[in-house]
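Quick note: to get my numbering, add 3 to the position in the sequence shown (first position is 1).
Where is the CB? At the ideal position from N, CA and C, for every residue including glycine.
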Amino acid sequence: MPYYRSVGSVPRTRHTQHRAADGSLYYEELMGEEGFSSDSSLLYHRSIPSSVREFRVWELPDQSLVPNHPLKPMHLKLHELFPAGTTGVDAVTGRRLVLGNGDVRLNYVVADTPSPLYRNAIGDECLYVEEGDAVVETVFGDLDAHQGDYIVIPRATTHRIVPRGTVRIYAIEGNSHIGPARQYLSKHGQLLEHAPYCERDLRGPGEPHLAEAPTGSTTEGVEVYVKHRVEGLPGGIGGSVHVVPDHPFDVVGWDGCLYPFAFNVEDFMPITGKVHQPPPVHQVFEGFNFVVCNFVPRKVDYHPLSIPVPYYHSNVDSDEVMFYCGGDYEARKGSGIGNGSISLHPGGHSHGPQPGAYERSIGVEYFDELAVMVDTFRPLLLGEGARAADDGTYAYSWSQGQQ
Numbered sequence: 004m005p006y007y008r009s010v011g012s013v014p015r016t017r018h019t020q021h022r023a024a025d026g027s028l029y030y031e032e033l034m035g036e037e038g039f040s041s042d043s044s045l046l047y048h049r050s051i052p053s054s055v056r057e058f059r060v061w062e063l064p065d066q067s068l069v070p071n072h073p074l075k076p077m078h079l080k081l082h083e084l085f086p087a088g089t090t091g092v093d094a095v096t097g098r099r100l101v102l103g104n105g106d107v108r109l110n111y112v113v114a115d116t117p118s119p120l121y122r123n124a125i126g127d128e129c130l131y132v133e134e135g136d137a138v139v140e141t142v143f144g145d146l147d148a149h150q151g152d153y154i155v156i157p158r159a160t161t162h163r164i165v166p167r168g169t170v171r172i173y174a175i176e177g178n179s180h181i182g183p184a185r186q187y188l189s190k191h192g193q194l195l196e197h198a199p200y201c202e203r204d205l206r207g208p209g210e211p212h213l214a215e216a217p218t219g220s221t222t223e224g225v226e227v228y229v230k231h232r233v234e235g236l237p238g239g240i241g242g243s244v245h246v247v248p249d250h251p252f253d254v255v256g257w258d259g260c261l262y263p264f265a266f267n268v269e270d271f272m273p274i275t276g277k278v279h280q281p282p283p284v285h286q287v288f289e290g291f292n293f294v295v296c297n298f299v300p301r302k303v304d305y306h307p308l309s310i311p312v313p314y315y316h317s318n319v320d321s322d323e324v325m326f327y328c329g330g331d332y333e334a335r336k337g338s339g340i341g342n343g344s345i346s347l348h349p350g351g352h353s354h355g356p357q358p359g360a361y362e363r364s365i366g367v368e369y370f371d372e373l374a375v376m377v378d379t380f381r382p383l384l385l386g387e388g389a390r391a392a393d394d395g396t397y398a399y400s401w402s403q404g405q406q
């Protein structure tokens with residue numbers, strides 16, 4: 004994170020005694036990135052955070068990935084993965100893998116049930132709330148999650164997701180850390196004046212979440228589901244359940260620059276220009292070998308001869324994934340794409356507006372559209388969710404004449 008926070012009770016000097024009112028010591032834990040060489044926070048626990056009573060396997064949902072071969076663009080109807088009336092699904096164990104590679108995995112879930120306590124030990128997660136509300140309870144404190152929120156959760160943060168009703172979540176799981184685009188940061192990590200958002204737009208956790216009556220616990224302990232690397236399993240990913248003697252939400256205070264945060268897409272200030280601007284101006288976050296962009300309602304090009312929709316372009320170095328979650332996306336009219344759709348435009352295929360959209364956009368001054376884009380710099384493979392949600396016809400939509 005770009006800036007320091009201190010929440011709850013912490014000692015004046017780090018790595019020194021910190022005691023409760025009864026004189027007992029709190030246990031200090033350093034949670035840091037890249038060994039001891041990057042952002043970190045110090046958390047102060049009532050119980051020993053390393054204690055585990057039992058280990059067992061968590062059988063993950065299908066993590067298999069198959070090549071997009073022969074190479075083709077695709078339209079994936081994610082809403083069909085969870086038909087109306089589906090209940091009893093949580094936002095962790097109920098995720099369906101849509102697309103992925105060695106750098107990032109894109110999942111989708113419609114949840115109405117509290118998740119188990121969960122820790123992703125592979126990389127950071129960026130959850131986009133397509134619809135609904137939830138509370139993301141974390142070892143740092145709680146975050147309210149609303150429609151349009153990104154929730155960025157650092158690797159190995161113990162948390163759970165508690166829906167308020169039904170919530171639709173597009174889950175971007177990195178194999179690295181996820182943070183603000185470097186092009187918008189000063190050398191010391193402050194968001195610059197030309198950035199499309201600033202620190203005051205980011206929401207951190209509230210006061211520490213102290214679990215007096217352990218939620219989800221038994222007399223044998225508290226279960227924490229852990230996703231981690233396992234060579235030889237599909238995608239190199241496995242799951243374990245750690246049964247711990249004390250609830251992990253026992254942190255009385257913490258300080259540092261590493262913690263989960265929320266950012267709402269409505270607070271993104273779009274960068275526009277006289278002619279069509281390239282996708283990097285829409286970037287919001289990045290991880291290793293992938294970027295996250297968002298396309299929001301905005302005024303468009305003001306050159307008298309401008310063509311507001313994108314020009315046709317070849318993805319030379321990347322696969323482009325667009326998740327459509329609001330408004331009416333001008334460039335895709337006539338393709339069947341709507342809210343809840345994903346378009347996959349793979350590297351090696353030239354793509355652009357649907358037939359007729361190029362001409363129809365001339366003279367348009369405003370786009371009412373909302374989409375989250377992930378560009379990857381290694382080819383994406385198809386998860387079981389993509390194979391189940393493919394419309395089977397999108398690849399031919401540019402050949403069907405003017406619309």
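Neighbour-count burial assignment, residue i, 16 or more Cβ in a 10 Å radius
i    : result
A24  : exposed
S3   : The chain is shown only over 4 to 406; residue 3 falls outside these bounds and no answer can be derived.
T160 : buried
L28  : exposed
Q186 : exposed
A87  : exposed
A216 : Confidence in A216 is poor, its pLDDT being 47 and thus under 50, which makes the residue's placement unreliable; the coordinate value appears in the next sentence. By the 10 Å Cβ count, A216 comes out exposed.
E176 : buried
A124 : exposed
Y47  : buried
I365 : exposed
Q405 : Residue placement at Q405 cannot be trusted, given a pLDDT of 40 that sits under 50; what the coordinates show is reported in the next sentence. Label assigned to Q405: exposed.
P356 : buried
P70  : exposed
V284 : exposed
Three-state class that DSSP yields for residue i in the structure shown
i    : result
Y30  : strand
D204 : helix
H306 : coil
S402 : helix
Y369 : strand
L261 : coil
A148 : strand
R8   : strand
D25  : coil
L109 : strand
E269 : helix
R158 : coil
E333 : helix
M183 : Per the sequence presented here, residue 183 reads as Pro, with Met not at that position. Residue state, collapsed to three classes: strand.
N314 : First, the residue type needs correcting, since residue 314 is Tyr and not Asn in the sequence shown. Coil, per DSSP.
L68  : coil
L84  : helix
G38  : coil
G256 : strand
CB-CB length for residue i against residue j, believed under 8 Å
i    : j    : result
P282 : L74  : Contact doesn't hold; Cβ gap of about 21 Å is too wide.
P273 : R232 : About 37 Å separates the two Cβ atoms, so there is no contact after all.
V60  : G151 : Actually they are not in contact, since the Cβ atoms of V60 and G151 sit about 36 Å apart, beyond 8 Å.
D253 : S54  : So it is not a contact: roughly 11 Å between Cβ atoms.
R56  : E223 : 7 Å
V377 : N297 : Not confirmed; about 10 Å, so no contact.
Y314 : H279 : 6 Å
E333 : E372 : 7 Å
R381 : D106 : 6 Å
Host beta strand (DSSP E) of residue i (start-end)
i    : result
Y47  : S43 to H48
E128 : E128 to T141
Y327 : D322 to G330
V101 : R99 to G103
L347 : S344 to H348
Per DSSP, cross-strand counterpart(s) of residue i
i    : result
D2   : The chain is shown from 4 up to 406; residue 2 falls before or after that span and cannot be answered.
Q286 : C296
K230 : N123 and G242
R301 : F370
D93  : T116
E57  : V246
L194 : L188
V375 : N297 and F326
L236 : Bridge partners of L236: none, in fact.
H354 : H316
Residue range of the unbroken alpha helix (DSSP H) whose run includes residue i
i    : result
Y173 : It is not in any alpha helix (DSSP H) - Y173 instead sits in the beta strand (DSSP E) that spans H162 to G177.
R363 : A360 to R363
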